[in-house]
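Colleague: Protein chains in written order, with this note's numbering: chain A, 9 to 91; chain B, 8 to 152. We put the beta carbon where it would ideally sit given N, CA and C, even for glycine.
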């Protein structure tokens, strides 16, 4: 199945891309997708920070089962506003 | 104007105040997050915000709904700026109207704290000698490129 992935902030810089599509096996979870992307984009591998997962603009758990044409965004720690 | 939005333009406080002005409100509380010139000993030149815009606006609206459930407020508006923001300029403005000031203050405080937890907006600090993506969820600066 085909999944749309958008990268933002540090992940966009590390991947060197803002938006990609990725072919992945049926039944894959969003966490599986992240593991697969780290192989495609080695720059992502050193990102050790805790990531949250969003599918179609909603937060999901790592075991969320992906569906054809889902839009996935990996969310590094957010920092909106000012301290 | 949308009540919950991200924008590349400078934010106008008066516009947000107009958005929440309501005949049954006896108080309007506002919060302005501004860009300061130093952070953890670094001399900050500017901040550069990046958002996942559609989801950020959705999350801001969710914060507004949650605030309405928790306090007796009339209206809430939040605008977050993205792109480069210079020292002293606002990066985020919140305005809340309520019948009574206590609800307005509390909902306003709640909104800024929630923004930092769930809204997909990231901040890159540009300082003298480098730049760094700030991850305030962990309190740790993420290594830059």
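#1: Taking CB distances under 8 Å as the criterion, tell me whether residue 95/B reaches chain A.
#2: Can you round the beta-carbon distance between residue 20/B and residue 35/B to whole angstroms, since I take them to be within the 8 Å contact cut?
#3: Measure from the C-beta of residue 16/A to each C-beta in chain C and report whether the shortest distance is under 8 Å.
#4: Compare the C-beta of residue 80/A against all C-beta atoms of chain B and say whether one is closer than 8 Å.
#5: On a Cα-Cα basis, can you pick out the residue from 111/B, 136/B, 133/B and 135/B that is closest to residue 27/B?
#6: Quick one: is residue 15/B buried, meaning 16 or more other Cβ sit within 10 Å of its Cβ, or exposed?
#7: Put residue 152/B into one of helix, strand or coil per three-state DSSP.
#8: Can you give me the start and stop residues for the beta strand (DSSP E) that residue 29/B sits inside?
#9: Using a Cβ-Cβ cut-off of less than 8 Å, list which residues of the segment 60-72 of chain B approach chain A; keep chain order.
#10: Assuming residue 57/B is part of the beta strand (DSSP E), what are its boundary residues?
#11: From the DSSP output, which residues share a beta bridge with residue 91/B?
#12: Checking 8 Å against the spacing of the C-beta atoms, do residue 96/B and residue 37/B come in under that value?
#13: Label residue 130/B either buried or exposed according to how many other C-beta atoms from any shown protein chain fall within 10 Å of its C-beta, with 16 as the threshold for buried.
#14: List the residues that DSSP assigns as beta-bridge partners of residue 62/A.
#15: Is the number of C-beta pairs between the segment 25-32 of chain A and the segment 54-66 of chain B that are closer than 8 Å three or more?
Modeller: In short, the structure shows the following:
#1: no
#2: At roughly 11 Å, the Cβ-Cβ gap does not stay under 8 Å, so residue 20/B and residue 35/B are not in contact.
#3: Reference to chain C is not applicable here, since the protein chains of this structure are A and B.
#4: no
#5: Minimum Cα distance to residue 27/B is reached at 111/B.
#6: exposed
#7: Note that residue 152/B scores a pLDDT of 31, beneath 50, so its modelled location is shaky; the value from the coordinates is reported in the next line. The answer is coil: DSSP assigns residue 152/B none of H, G, I, E or B.
#8: Careful: residue 29/B lies outside any beta strand (DSSP E) and carries neither H nor E.
#9: Under the 8 Å Cβ criterion, the segment 60-72 of chain B contributes 61, 62, 63 and 65.
#10: For residue 57/B, the enclosing beta strand (DSSP E) has its first and last residue at 49-58.
#11: 55/B
#12: No; because the gap between Cβ atoms is not below 8 Å, this pair is not in contact.
#13: buried
#14: 67/A and 81/A
#15: Of all C-beta pairs linking the segment 25-32 of chain A to the segment 54-66 of chain B, fewer than three are shorter than 8 Å, placing the two stretches out of contact.
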